[in-house]
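Contents: one structure, followed by commentary.
2 protein chains.
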Amino acid sequence: MTSPLRLGIAGLGTVGVGLVRIIQRNADLLTLRTGREIVISAVSAKSRTRNRGVDISAYDWEDDPVALARRDDVDVVIELMGGENGPAKALTEAAIDAGKDIVTANKAMLALHGQELAERAEEMGVALRFEAAVAGGIPVIKALSEGLAGNRITRIKGVMNGTCNYILTRMEDAGLPYETVFDEASQLGYLEADPTLDVGGIDAAHKLTLLSAIAFGVKPDFDAIQTSGIERISIEDIRAAADLGLRIKLLGVARVTGRGLEQSMSPCLVPADSPLGQLKGGMNMIVIEGDAVEQVILRGPGAGEGPTASAVIGDVVDIARGMHLPVFGQPATTLQAAVSAKATAAKPWYLRMSLLDKPGALAKVAEALGNAGVSINRMRQYGHQDTRAPVVIITHKTTRDAIDHASALAVKTGVLVGEPVAMAIEED
Amino acid sequence: MTSPLRLGIAGLGTVGVGLVRIIQRNADLLTLRTGREIVISAVSAKSRTRNRGVDISAYDWEDDPVALARRDDVDVVIELMGGENGPAKALTEAAIDAGKDIVTANKAMLALHGQELAERAEEMGVALRFEAAVAGGIPVIKALSEGLAGNRITRIKGVMNGTCNYILTRMEDAGLPYETVFDEASQLGYLEADPTLDVGGIDAAHKLTLLSAIAFGVKPDFDAIQTSGIERISIEDIRAAADLGLRIKLLGVARVTGRGLEQSMSPCLVPADSPLGQLKGGMNMIVIEGDAVEQVILRGPGAGEGPTASAVIGDVVDIARGMHLPVFGQPATTLQAAVSAKATAAKPWYLRMSLLDKPGALAKVAEALGNAGVSINRMRQYGHQDTRAPVVIITHKTTRDAIDHASALAVKTGVLVGEPVAMAIEED
Chain Z
1 MTSPLRLGIA GLGTVGVGLV RIIQRNADLL TLRTGREIVI SAVSAKSRTR NRGVDISAYD
61 WEDDPVALAR RDDVDVVIEL MGGENGPAKA LTEAAIDAGK DIVTANKAML ALHGQELAER
121 AEEMGVALRF EAAVAGGIPV IKALSEGLAG NRITRIKGVM NGTCNYILTR MEDAGLPYET
181 VFDEASQLGY LEADPTLDVG GIDAAHKLTL LSAIAFGVKP DFDAIQTSGI ERISIEDIRA
241 AADLGLRIKL LGVARVTGRG LEQSMSPCLV PADSPLGQLK GGMNMIVIEG DAVEQVILRG
301 PGAGEGPTAS AVIGDVVDIA RGMHLPVFGQ PATTLQAAVS AKATAAKPWY LRMSLLDKPG
361 ALAKVAEALG NAGVSINRMR QYGHQDTRAP VVIITHKTTR DAIDHASALA VKTGVLVGEP
421 VAMAIEED
Chain B
1 MTSPLRLGIA GLGTVGVGLV RIIQRNADLL TLRTGREIVI SAVSAKSRTR NRGVDISAYD
61 WEDDPVALAR RDDVDVVIEL MGGENGPAKA LTEAAIDAGK DIVTANKAML ALHGQELAER
121 AEEMGVALRF EAAVAGGIPV IKALSEGLAG NRITRIKGVM NGTCNYILTR MEDAGLPYET
181 VFDEASQLGY LEADPTLDVG GIDAAHKLTL LSAIAFGVKP DFDAIQTSGI ERISIEDIRA
241 AADLGLRIKL LGVARVTGRG LEQSMSPCLV PADSPLGQLK GGMNMIVIEG DAVEQVILRG
301 PGAGEGPTAS AVIGDVVDIA RGMHLPVFGQ PATTLQAAVS AKATAAKPWY LRMSLLDKPG
361 ALAKVAEALG NAGVSINRMR QYGHQDTRAP VVIITHKTTR DAIDHASALA VKTGVLVGEP
421 VAMAIEED
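Chains Z and B are the protein sequences, given in the same order.
For the first sequence, position 338 (counting from the first letter as 1) is numbered 338 according to UniProt numbering, and the numbering increases by one without interruption.
For the second sequence, position 405 (counting from the first letter as 1) is numbered 405 according to UniProt numbering, and the numbering increases by one without interruption.
Put into structure tokens, the structure is as follows:
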């Protein structure tokens, strides 16, 4: 049997504790499957004394994660501290420079510094793996970079933030407004310390950045993703969508077009009876389309102790087995700068507006849409609320540009209360 | 750059042609992702002159697949001939003995001879890979043996034969009887040369055999799977299931129990609104449950040129990248003989019987069930057809043994026409 694989774990929050539990509980299995023992040499976290419900007394303690990365008895550094800069990045760089393999769950760090870190890791010949950074327990990085590596990927889409999906499905199921459910999610501990990361779509866009890099061979480029969050989704939108046989999802879409790569993370409507529409609660789902495989869909828990630790240990198992591949599936130096295309694909759009209760208001809005070249497929006006009337319009297929133009013209009519809410309908 | 990886392809049917197409079309991508060229040295098939719509003139031709396996200019042998014995097995053995890596799509061969072949391959230090053998384009072997390798797997279930799923969903959607849809599927070329392999559940049970070996560390043992097919499913069953909010699927289930491994491939009822219930047409779906990851669901096309070839090339990419792991995820010599448990888990069951149109018939059947300890949760009697009355019973949770006993007692009453149709309801 080969020598043990020795881990140094930096960060003992939910995922770190989950990882320790798996290694303690499934030691026999891990040895059987990798041909070697997987052991923990040392750990590092903020508080040494905090009770985490797991026995870490057998592991050496390091106050300084960078010192952990440099220990002679650590082969693989597990970075579970989070944060795009600061200690996590310093630890990762120190580990690379010390020639250690790294496993991380840090989507923000890789979305923003992935290119630089990947080049550095590949130059040093160390592994830098991040299955846990995207879609929790779903082995999507592996599916994309290995199982489907013979495919020219044409599109990826999916729900990549369980908290947003929890909020949206809870709003629908309980008929509660956004603010109430947001507070619930906060009390349940579902939200990041900065909740904008979740509800602003940023966390999910970090994940899409990483998937795009692998799928399309582009440098990870978070800024190339058109990102908007779910903060403006109202219970009226949820109900109107349900009326139309649709559901609202914070949906990431990255697809190849003749003009470049279209990438967005934004609230969209999907058919209620589609796999994405059926996805409830904190689940994640990734849809991958390639020129050979057609379509593969992966679904699983997007977060949580066990699922995320499952992804981390999956990467550790690969390293223990001697598998080694470039960080983003091809050498980082061969990744291309993404050519970002504006979303030119014509889709049906959902528009919700609040009309002032004035004669001719609806006609003015309809005219504004017509002037922008947007034609109406279906329209529903709901009962008046105070002095305003909610109107929902489903357009014929049109572009984002036309919708933006139509929205601007509609605002100019002076018959709207506030701005229109516009969401693309992703039918297929 | 490393030297090219040279393939010898045996079998140029649908999948073989798909593989040639991918290698020709995506050569640049494959090189970028593996760091080497992937080339075809030689091919072998039944007919050299048949027009396959793909140019194979640049590849050497071998009439004898075994000769192909022994060529000095072949590094990896791709076995796409099929058949559990005969040429496919001879080719595989020759390739192992010649020290070549092997990629195969042959579920029957591996389900029946997998242990022997795996031991031989591992002794020779060659790879024997079979992603394409299970669930077409879905990278499920990889997910199970690599991505989820840190988990103690507790259950696998899924739809693994697209043809059966096509037949069952078509019966429901079109309201057609089994025989009519079977003939349709036959004309569409969806059925194996021996259709019993599909509709008898054998092909799907071969696949479950392979998944179980990886998931539970047991020797592949096809005979350990309780297999029954869809031939007795009538349009009445389909309709009764729909009435109850359920759908019938040919479902594979393998789960760990205190007494051993329960493994079955049989028609079951699942909630119509569950992911399995929503699965239509020729799609496959595998649900994997582990102690850390909770539940991951994979869905994709179960067959077809592109998807199956995608799985083959995925294995080739792994070999090109130098990845190497045991055939079933742990050394074949460490696989245990499966301890087969009878299905002891209590589940609700569906029973359909045809009652003679006689006074007291229903009471007699109800009494028979009671005597077997089976209690009735819901019952529906449908309108009389000729002189018989179809009755559908949903039981409270009970065991297969009790259901078998109840069925036998019900038959003994003499009020039934034919045998009862019994199917477990897999609710979760």
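For every residue, glycine included, the Cβ atom is placed at its ideal position computed from N, Cα and C.
Bear in mind that the values here come from a model prediction, so they are computed numbers and not experimental data.
Query	Result
Step through the CB atoms of chain Z and report whether any lies within less than 7 angstroms of the CB of B:GLY150.	yes
Just to confirm the assignment, what range does the alpha helix (DSSP H) spanning Z:ARG239 have?	235–243
In the DSSP assignment, find the unbroken alpha helix (DSSP H) run with Z:LEU166 in it and report its ends.	It is worth fixing the name first, because residue 166 of chain Z is Tyr in this sequence and not Leu. From DSSP, the alpha helix (DSSP H) with Z:TYR166 extends over 162–174.
With 7 angstroms as the C-beta to C-beta threshold (strictly closer), list the residues of the stretch 153–179 of chain B near chain Z in chain order.	none
Quick check on DSSP: helix, strand or coil for Z:GLU184?	helix
Give me the residue from B:LEU68, B:VAL54, B:ALA143 with the minimum Cα distance to B:ASP60.	B:LEU68
Using beta carbons (cut-off 7 angstroms, strictly below), is Z:MET81 in contact with chain B?	no
Among the residues of its own chain, which have a CB less than 6 angstroms from the CB of B:VAL253, if the five just before and after it don't count?	LYS157, SER264
Please list, in chain order, the chain D residues whose beta carbon lies closer than 8 angstroms to that of Z:MET379.	The structure shown contains no chain D; its protein chains are Z and B.
Mind listing the chain Z neighbours of B:SER310? Cutoff is C-beta to C-beta under 8 angstroms, in chain order.	LEU148, GLY150, ASN151, GLY290, ALA292, VAL293
What are the residues that DSSP puts in a beta bridge with Z:TYR190?	Beta-bridge pairing links Z:TYR190 to no other residue.
Are Z:ALA368 and Z:ALA402 closer than 7 angstroms when you measure CB to CB?	no
Below 8 angstroms CB to CB, which residues in the same chain sit around Z:GLY99 once its five sequence neighbours on both sides are set aside?	MET124, GLY125, VAL126
How about Z:ASN377 and Z:HIS405: do their beta carbons lie closer than 7 angstroms?	no
Between Z:ILE202 and Z:SER145, how many whole angstroms is the CB-CB distance? I'm expecting something under 8 angstroms.	Incorrect: roughly 23 angstroms between the Cβ atoms, too far for contact.
Mind checking whether the beta-carbon of B:VAL76 lies closer than 6 angstroms to any heavy atom of the ligand MN?	The model depicted lacks the ligand MN and carries no ligand whatsoever.
Since I believe B:GLY162 is in contact with Z:GLN295 (beta carbons under 8 angstroms), could you give me their beta-carbon distance rounded to a whole number of angstroms?	In fact, because the Cβ distance is near 14 angstroms, the residues do not count as touching under 8 angstroms.
Measure the alpha-carbon distance for Z:LYS280 versus Z:TYR166 and round it to whole angstroms.	7 angstroms
Going along chain Z in order, which residues have a C-beta closer than 7 angstroms to the C-beta of B:ASP318?	GLU146
What residues of chain Z sit near B:LEU91, judged by a beta carbon separation below 7 angstroms?	Ordered by position in chain Z, no residue passes the 7 angstroms Cβ test against B:LEU91, which lies about 22 angstroms from the chain.
Is the stretch 104–117 of chain Z in contact with the stretch 78–85 of chain Z, if contact means three or more CB pairs nearer than 8 angstroms?	yes
Excluding sequence positions up to five away, which residues of its chain have a Cβ less than 7 angstroms from the Cβ of Z:ARG321?	THR34
Take B:VAL417 as the anchor and find which of B:LEU362, B:MET423, B:GLU427 has the nearest alpha-carbon.	B:LEU362
When burial is assigned at 16 or more other CB atoms within 10 Å of the CB, is B:SER375 buried or exposed?	exposed
Hey, out of B:LEU325, B:GLY290, B:VAL316, B:ALA345, whose CA is closest to B:ARG259's CA?	B:ALA345
Which chain B residues sit within Cβ distance under 9 angstroms of residue 430 of chain Z?	For chain Z, the structure presents residues 1 to 428; residue 430 of chain Z sits outside this window and is missing.
Taking Cβ-Cβ distances below 9 angstroms as the criterion, which residues of the stretch 114–141 of chain B are in contact with chain Z?	GLU131, GLY136, GLY137, ILE138, PRO139, VAL140, ILE141
Cβ closer than 8 angstroms: which chain Z residues qualify as neighbours of B:PRO307?	ALA292, VAL293, GLU294
State the DSSP-derived secondary structure class of Z:THR121, mapped to helix, strand or coil.	Residue identity check: residue 121 of chain Z is Ala in the sequence provided, not Thr. Residue state, collapsed to three classes: helix.
Going by the beta-carbon positions, is the gap between B:ALA292 and Z:GLY306 smaller than 7 angstroms?	yes
Between the alpha carbons of B:ALA185 and B:TYR178, how many angstroms are there, rounded?	10 angstroms
For B:LEU211, return the contacting residues in chain Z, with the cut-off set at a CB-CB distance below 7 angstroms.	The contacting residues do not exist; B:LEU211 stays about 15 angstroms from chain Z at best.
Based on the DSSP output, what are the partners of B:GLY373 in its beta bridges?	Per DSSP, none; premise fails for B:GLY373.
I'd like the list of long-range same chain contacts for B:ASP75, defined as Cβ closer than 6 angstroms, with 5 residues on each side in sequence excluded.	LEU5, ARG6
Given that B:ASN26 touches chain Z, what residues does it touch there, using C-beta distances under 7 angstroms?	GLY150, ARG152
What residues from the stretch 316–341 of chain B come within 9 angstroms of chain Z, judged by C-beta to C-beta, listed N to C?	VAL316, VAL317, ASP318, ARG321, GLY322, MET323, HIS324, LEU325, PRO326, GLY329, GLN330, PRO331, THR334
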